[in-house]
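With the sequence shown counted from 1, adding 409 to any position gets you this note's numbering. Heads up, the beta-carbon is just placed ideally off N, CA and C, and yes, glycines get one too. Small disclaimer: the values here were computed from a predicted structure and weren't measured. Written below as structure tokens is the structure these notes are about.
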Amino acid sequence: YAMRGQLSTKADVYSFGVLLLEILSGRKNTDIHLSQGMQNLLEWAWRLYMGGAVLDMLDSTVRETCSQEQALRCIRVGLLCVQADTT
């Protein structure tokens, strides 16, 4: 986005969501070691969320230092930032 001059509030929100999910999971968005044949972190996070197992994505450090409620709130914020349909 930045290289083509497509900077916007929407791009910033999306980037924040990706960064938040990367921090929570301890994985990069393009991590080749994601489970279930997922191609990127966002797809993996959404699949876990829809399956009711979203806390499984947490990095062990986050799991040890945050309550489940705090972690779940942060995951939801991250997913809201990267959702395709903003309505």
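Please determine, among the options, the residue with the shortest C-alpha to C-alpha distance to residue i.
i, options, result
"ALA493", "GLY414, SER417, TYR423", "TYR423"
"GLU473", "GLY414, GLY426, LEU433", "LEU433"
"MET459", "CYS475, LEU416, ARG485, THR418", "ARG485"
"TRP455", "ASP468, LEU488, GLY414, ARG436", "LEU488"
"CYS483", "TRP453, ASN438, VAL427", "VAL427"
"ALA462", "LYS437, GLN477, GLY435", "GLN477"
"THR470", "ASP421, GLU431, LYS419, THR418", "GLU431"
In this structure, does DSSP put residue i in helix, strand or coil?
i, result
"ALA480", "helix"
"ARG424", "Position check: residue 424 holds Ser in this sequence, whereas Arg was assumed. SER424: helix per DSSP, three-state reduction."
"SER434", "helix"
"LEU451", "helix"
"THR470", "helix"
"THR439", "coil"
"LEU416", "coil"
"GLY487", "helix"
"ASP465", "helix"
Can you say whether residue i is buried or exposed, counting buried as having 16 or more other CB atoms within 10 angstroms of its CB?
i, result
"GLY414", "exposed"
"LEU416", "exposed"
Using 8 Å for Cβ pairs, my map puts residue i next to residue j. What's the rounded Cβ distance?
i, j, result
"LEU464", "LEU481", "7 Å"
"CYS475", "LEU429", "Between LEU429 and CYS475 the Cβ distance is about 13 Å, and since that is not below 8 Å, they are no contact."
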